[in-house]
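Notes to accompany the following structure.
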Amino acid sequence: MRVAFNLEYQTTFGEELMLNIIAEGKTEQHQMKTVDGLHWTCELSKTVKASAHIDYFYSVVRGEQQTRHEWLVAPHRLEFAAKKGARYIIYDHWLDIPEDSYMYSSAFTECVAARKHQMSRLTEYAKTVRLKVRAPQLRNNERLAIIGSGETLGNWDTKRAIAMAEHESNEWVISLDADKLPQTIEFKFIALNEDSDVTPLWENGMNRVVTMPDLDMGEVVVYELPQAYFPAYPWKGAGTVIPIFSLRSEGSFGVGDFGDLKMMIDWCAKTKQRILQVLPINDTNITHTWQDSYPYNSISIYALHPQYTDFRQLPDLKDRKRKTYFEKLRQELNALPQIDYERVNNAKMEYLREVYAQEGDKMMKTTAFKSFFEQNKEWLVPYAAFCYYRDLYGTATFSEWPDHHTLPAKERESMSKSTTKLYKQVAFWYFVQFILDQQMHAAHHHAREQRVILKGDIPIGISRDGVEAWVEPKYFNLNGQAGAPPDAFSVNGQNWGFPTYNWDAMLEDGCSWWVRRFKKMSEYFDAYRIDHVLGFFRIWEIPIDAVHGLLGQFSPSLGMTREEIEAYGLQFQEELFTKPFIADWTLERMFGQKAQYVKDTFLNHTHDDIWEMKPEFDTQRKVEAAFKGKTEKEDTDLRDGLYALISDVLFVRDRKNNDKFHPRIGVQNDFIYQTLWDHDKFVFNKLYNDYFYRRNNQFWYTEAMKKLPRLTQATRMLVCAEDLGMVPDCVPWVMNELRILSLEIQSMPKDNTVRFGHLSRNPYRSVCTISTHDMSTLRQWWDEDEGQTQDYFNSMLYRGGAAPHPLPGWLAKDIVSRHLTSPSMLCLLSFQDWMSIDENRRLPDANAERINIPANPRHYWRYRMHMTIEQLLAADDLNNEISTLIIQSGRK
C-alpha cells in the first residue's frame, strides 16, 4: 500500500521537514521533499492490514538538529479503513499546541467528557473521500455528525445527519463514497445530544466547501479539516483540595488512606464537584519520626507511602488475638483529633509485616504481581534496596552507611530474581508497593467512573537522603540546597534542604528522568500541580553551609562582573561588600547588653571597630551545631542574631565563577546597606531592581523552554502550576505559550498595584482558590489582621460598616460564591474553606485547621478532618448548599 503525505509549511533556508511515524514507542523518521519551501510531500510504501492505523507528527530540522516539532499530545492519525484502498493521499496541516489544549487532557477525555472511541467502519468504496475534524468542545453525551447539500449529505435535514466516528480523543472521522458525491460538496458539522431529543448545535462560521479531486480506482483521499467551533460556554469546574492523610472515615487507621480517597470522591460527585486535589503521596520515611510527616520530602519519586494502605481491602489476619489487638489500636488512633504520625506508621508497618508473613508468598505468585514487578522494577528494586539498608544501618543518610554507597549492578540483578537470598531480604517492600499500587489504581478508576478529576502534586525537590540521590546522583547538585527567597511566608527565605538539579545532565538525555516521573504519575492522576514552577526557570540555590535562604542566588542566572557593577556608578569594594559587615554599633543594636559576650565568644577583632566571625562560627551551619539542643528563647535569639550577622553582606559571590556577583536578596533591611551613602543606595537599588526583575528575563525564558515543553507533553494529564512568590515577567510568557493553568489567590494578587485581586480579572486558564496548604485558612485569615479584613469587607465584598468577627457562615458563603463565579476554569477550595460556610459543622477552633506553616521548617503535618466522610455524605443540607452554589455559578 502506498501512502502520500502532503503538508503546507513555510520554511526558511536550511530547514527541512521530517515525517515521524510512531510505532511501538519508537519513532520512524522519513525526510520530506519540496520544490518551493512551502509544499512538502513524502510517499511511502507500507505493509498494513485493513482496520489498522498509524500515528505520526511532523518536525523541522536544520542539519542534524531538530528545531521544532508539532504538538505531541495528540498527533495525526491515519486509519486504513478502506478494504479496496491501494493508495492513500493525505492533506494535513501543521498542529501547534492549541489554545484549548486542556480539552485533550485525560482530565477531559477520560473524566469530564469521557466518550467511547471507535475506529471507522471498513468501507468497500471504489474511491473514498475521508474527512477528519477535531471538535474538543463536545460534552460526554454529545457526538459529531455531518450534514450538507446533496442527497448523500442529507440535504441539510438534521434528521438525516450522518454520524461520525471518534477514532481518537476529540477527532472525528467519516468516509464517503466519492462516486456518489458532486464535484463540490458544501457541508457543516453539528453536535447531537445522545440523551435527549434537542435541537442540534451547529458549528460556527460559513459553510465548509471541499472540491473533489480526480481519483483513480482504489484511492483514498484524506482531508484534515480546521477545527469545528461551537457556540458553547467554556467548561468550568469546582473541587476540593485536601491531603489524603487528612481524610477520616469510620474504618480508617488513624490516618487517611486510599479507601478513604474513594469515599471522598463519592462526596465530590454527590456535591457536583468535578475535581479532587491531593498533596504528594510518595513515601517520606527517612527518620521514622514525626519529622517524616512533611509530604514534600519523599525518599522516592515513584514509591507510594505505606501509611496510605487501606487494610479493609486486604485479607483479615487469621490470628484472632492479633486481629483484636490491631482493631483496638485502630479505634484508639482513629479517635484522635490529629494524626499521631509515629504511632500510626509504626502500627501500620507492623500490620503490613504480619499480612506479608500470612499472604505474601501467595500474592507474589499471582500474574498481577508479576506484571507489576516487570513494569516497575527499574525504580522498585533500588527503592526496596534503599529501604532495607536504611533500616539495617539505622539511617537514610547513605553517605554514613558502612558500605553500599552505590547499588552495584550485580546486586540489583540479584534482587530481581525471586530465588535469591537478596530478593527475599527486600521482597517485603515489593509486596507493600504492589498493594499500594493496586489500591491507588482502584481509586483512580473509581474517580473516572464518577467523572471526577483526580489531581496530584509534583514536588519541585527530592530528598538528599533518598533513592534518586543514591542511584542517580549525576542528575543533582548535592552541594547545594533548594529554597525560596524571602516572601510573605518567610522573611528569611525558605531553605527546603533539597539538592538542586543538574539540568545540563538532565537535558543531555532529553529530561528522561522527569518524563519517567510524569508517566508514572499519570497512572494515578488526570491532572497535576507543578509545585514551585519557578524552579524550572531558576531555582533559589543556597550554600550547603547556610541555614536561612538569604545567602542564596538564583541558579542559573547571569551574575554581574565588577565592571558591570561599577558601570551603574557604584564603586565595588569587594571585601566590604562580600564579607559579613560586623561593627561595634551593629552589635550594640542587635545584642544590646550581650554585645560584649558575643565579641568574646564568637568574634575576632580585625581593625578599628570592625569584627569578623571566628573560624569555628563563620557559617550558619557551624552556629547551628554550636546551639544544638539549646531551646530556651535566650539561646535561640542569640543563635538567630548570629545567623543575621553572617548573612549581612551586600553581594554574594557566584557559585560557579568567583569573578561574578549577585546582589543579596532583601539586603535593604540590613546594616551593610545602611552604611552606604544616599547616592550609593540609589545606585544599588537601581542595580538591584534591574538584576532581579529585568536582567535575567529572556535568559530564564530560554531555560524554561528547554525543559517544560518536554514535560508538559510527556503525558496527557492537565497541567496546573503553583506560580506564587517572586515571579519574573517571563513566567506568564511560558505558561501562556504552553497553556499551563496559573494559580490565582485574591489575597496574594500578581498585580502589585492592588491590595486584593479582582476575581473578575482572573484568566480563564487558571485555578482560583482562597487558600493553600501553606497559608492560613479563610477563617484564620479573617481574624489575623483586622485592618486588612475591614478593607476587604468594604472594597471587595462591597459591604458597609464594621466587618464581623469571627467570620460568620453567611459571609464565608458569600466569599465562596464570589470565587465560584470567577472566570477561572477551576475553582478549587480547601476542605476547611468549604466547611467555613456551615457554622454548625465547621471545626470550632479555626487555628486547628492549619496544615502547614512554611516559616517553620520543623512543622508537624498532622491536620485531620474533624468529622468522618460518612457523616459528610449524610450531611444533606450542607451538600445541597454546596451543590446549589456550584450549579448557580455555572460550574458542572
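Just so you know, we're using full-length UniProt numbering here: the sequence shown kicks off at 1 and counts up by one. Don't be surprised by glycine CBs; every beta carbon is placed ideally from N, CA and C. Computed from a predicted structure; not experimentally measured.
1) Glu-472 and Ile-301: beta carbons closer than 8 Å?
2) Measuring CB atoms only, is the stretch 690-709 touching the stretch 725-736, in the sense that at least three cross pairs come out at less than 8 Å?
3) What distance in whole Å lies between the Cβ atoms of Ile-453 and Ala-107, which are believed to be in contact at a cut-off of 8 Å?
4) Which residue spans inside the stretch 438-489 form an unbroken alpha helix (DSSP H) run of at least 4?
5) Are three or more beta carbon pairs between the stretch 675-686 and the stretch 519-528 nearer than 8 Å?
6) Have a look at Gly-328 and Pro-295 and give me their C-alpha separation to the nearest angstrom.
7) Only counting the same chain, and skipping five residues up and downstream in sequence, which positions put a Cβ closer than 6 Å to that of Ala-52?
8) Which of the three DSSP states is assigned to Pro-742 in this structure?
9) Which residue's Cα is closest to the Cα of Leu-807: Trp-235, Cys-827, Leu-826, Glu-784?
10) Less than 8 Å between the beta carbons of Leu-811 and Pro-804, yes or no?
11) Identify which residue in Arg-664, Gln-307, Arg-451 has its Cα closest to the Cα of Glu-350.
12) Can you tell me whether residue 907 is helix, strand or coil according to DSSP?
13) Alpha carbon to alpha carbon, what distance is there between Leu-144 and Val-381?
14) Along the chain, where does the beta strand (DSSP E) containing Cys-111 start, and where does it finish?
15) According to DSSP, is Lys-663 part of a helix, a strand, or is it coil?
16) Tell me the DSSP secondary structure of Glu-563 in three-state form.
17) Kindly list the residues whose CB is nearer than 8 Å to the CB of Leu-304, restricted to its own chain and excluding five residues on each side of it in sequence; keep chain order.
18) Return the Cβ separation of Ala-714 and Phe-476 in integer angstroms, given the expectation that the two are a contact with Cβ distance under 8 Å.
19) Cβ atoms of Ile-882 and Trp-834: under 8 Å apart, would you say?
20) Taking only three categories from DSSP, how would you classify His-819?
21) From the DSSP output, in three-state form, read off Asp-92 for me.
22) Per DSSP, which residues does Leu-718 bridge with? Please list them.
23) Kindly indicate which three-state DSSP category Thr-586 falls into: helix, strand or coil?
24) State whether the stretch 561-572 contacts the stretch 505-514, with contact taken as three or more CB pairs (one from each stretch) at a distance under 8 Å.
25) Identify every residue that forms a DSSP beta bridge with Phe-554.
26) With DSSP collapsed to three states, give me the class of Ala-74.
27) Within 10 angstroms of the Cβ of Trp-585, are there 16 or more other Cβ atoms? Answer buried if so, exposed if not.
28) Do Ile-90 and Val-222 come within 8 Å of each other at the CB atom, strictly closer than that value?
29) Any idea which residues DSSP pairs residue 894 with across the strands?
30) For Tyr-233, count neighbouring C-beta atoms within 10 Å of its own C-beta (all shown protein chains included) and say buried if the count is 16 or more, exposed if not.
31) Strictly by DSSP, which residues pair up with Asn-193?
32) Residue 893 and Met-164 look like a contact to me (Cβ under 8 Å); what is the Cβ gap, rounded to whole Å?
33) Rounded to the nearest angstrom, what separates Thr-322 and Glu-171 at their Cα positions?
34) Got a sec? Which residues, its chain only, sit under 7 Å from Gln-425 by beta carbon, not counting five neighbours each side?
35) In the structure shown, what three-state DSSP assignment does Arg-653 receive?
36) Looking only at C-alpha atoms, which of Phe-536, Trp-470, Glu-624 sits nearest to Ile-544?
Quick look at the numbers:
1) The count along the sequence shown starts at 1 and reaches residue 472 at position 472. The count along the sequence shown starts at 1 and reaches residue 301 at position 301. Their beta carbons are not under 8 Å apart, which means Glu-472 does not touch Ile-301 by this criterion.
2) Taking a contact to require three or more Cβ pairs closer than 8 Å, the stretch 690-709 and the stretch 725-736 qualify as touching.
3) Taking the sequence shown and counting its residues from 1, one reaches residue 107 at position 107. Taking the sequence shown and counting its residues from 1, one reaches residue 453 at position 453. That belief holds up - the Cβ atoms of Ala-107 and Ile-453 are roughly 4 Å apart, short of 8 Å.
4) As far as the stretch 438-489 is concerned, its whole alpha helix (DSSP H) runs of at least 4 residues are 467-471.
5) No, the stretch 675-686 does not touch the stretch 519-528.
6) Taking the sequence shown and counting its residues from 1, the one referred to as residue 328 is at position 328. Taking the sequence shown and counting its residues from 1, the one referred to as residue 295 is at position 295. The question names Gly, yet the displayed sequence has Lys at residue 328. Cα-Cα distance, rounded: 28 Å.
7) Here residue 52 corresponds to residue number 52 of the sequence shown, with the count starting at 1. Hits under 6 Å: Phe-80.
8) For the purposes of this step, residue 742 is taken as the residue at position 742 of the sequence shown. It is Ser, not Pro, that sits at residue 742 in the sequence shown. Reduced to three states, the DSSP call for Ser-742 is strand.
9) On the sequence shown, position 807 is the one that residue 807 refers to. If we check each option's Cα against that of Leu-807, Glu-784 comes out closest.
10) Counting from 1 along the sequence shown, the entry for residue 811 is found at position 811. Counting from 1 along the sequence shown, the entry for residue 804 is found at position 804. For Leu-811 and Pro-804, yes; Cβs fall inside 8 Å.
11) In the sequence shown, the residue the question calls residue 350 occupies position 350. Nearest C-alpha to Glu-350: Gln-307.
12) Summary: the structure shown does not reach residue 907, with the chain confined to residues 1 through 892, and so no result is reported for it.
13) For the purposes of this step, residue 381 is taken as the residue at position 381 of the sequence shown. For the purposes of this step, residue 144 is taken as the residue at position 144 of the sequence shown. Distance between the alpha carbons of Val-381 and Leu-144 is about 47 Å.
14) Within the sequence shown, residue 111 is the residue found at index 111, counting from 1. That residue, Cys-111, is in no beta strand (DSSP E); it is neither H nor E in DSSP.
15) As a working mapping, residue 663 is identified with position 663 in the sequence shown. The sequence given here has Pro at residue 663, not Lys. Looking at Pro-663 - three-state DSSP - the assignment turns out to be strand.
16) Sequence index remark: in the sequence shown, residue 563 carries index 563 (1-based). DSSP places Glu-563 in helix when its eight states are reduced to three.
17) For the purposes of this step, residue 304 is taken as residue 304 along the sequence shown, with counting starting at 1. Result list for Leu-304: Ile-281, Asn-282, Asp-283, Gln-433, Leu-436, Asp-437, Met-440, in chain order.
18) On the sequence shown, residue 714 is found 714 positions in, with the first residue counted as 1. On the sequence shown, residue 476 is found 476 positions in, with the first residue counted as 1. So it is not a contact: roughly 20 Å between Cβ atoms.
19) For the purposes of this step, residue 834 is taken as the residue at position 834 of the sequence shown. For the purposes of this step, residue 882 is taken as the residue at position 882 of the sequence shown. For Trp-834 and Ile-882, yes; Cβs fall inside 8 Å.
20) Numbered from its first residue, the sequence shown carries residue 819 at position 819. It is helical.
21) As a position in the sequence shown, residue 92 is number 92, starting the count at 1. It is a strand residue.
22) Locating residue 718 in the sequence shown gives position 718, counting from the first residue. Answer by DSSP bridge pairing, in chain order: Ala-527.
23) One-based indexing of the sequence shown puts residue 586 at position 586. Helix at Thr-586.
24) Result no; under three Cβ-Cβ pairs closer than 8 Å.
25) For the purposes of this step, residue 554 is identified with residue 554 of the sequence shown, where counting begins at 1. Beta-bridge pairing links Phe-554 to Trp-540.
26) For this step, residue 74 is matched to residue 74 along the sequence shown. Coil at Ala-74, not helix or strand.
27) Position 585 of the sequence shown, counted from the first residue, corresponds to residue 585. The residue is exposed, with fewer than 16 neighbouring Cβ atoms inside 10 Å.
28) Counting from one through the sequence shown, the residue named residue 222 turns up at place 222. Counting from one through the sequence shown, the residue named residue 90 turns up at place 90. Yes, Cβ-Cβ distance for Val-222 and Ile-90 is below 8 Å.
29) Outside the displayed span of the chain (1 to 892) sits residue 894, for which this structure offers no information.
30) Against the sequence shown, residue 233 aligns to sequence position 233. Counting Cβ neighbours within 10 Å, Tyr-233 comes out exposed, since fewer than 16 surround it.
31) In the sequence shown, the residue the question calls residue 193 occupies position 193. Its beta-bridge partners are Glu-142.
32) The structure shown does not extend to residue 893, since the chain spans only 1 to 892, so no value can be given for it.
33) In the sequence shown, the residue the question calls residue 322 occupies position 322. In the sequence shown, the residue the question calls residue 171 occupies position 171. Per the sequence shown, the amino acid found at residue 322 is Arg instead of Thr. C-alpha separation (whole angstroms): 56 Å.
34) Taking the sequence shown and counting its residues from 1, the one referred to as residue 425 is at position 425. The answer, listed in chain order, is Tyr-388.
35) The residue labelled residue 653 in the question sits at position 653 within the sequence shown. In the structure shown, Arg-653 sits in a strand (DSSP, three-state: E or B).
36) The residue given as residue 544 occupies position 544 in the sequence shown. Answer by Cα proximity: Glu-624.
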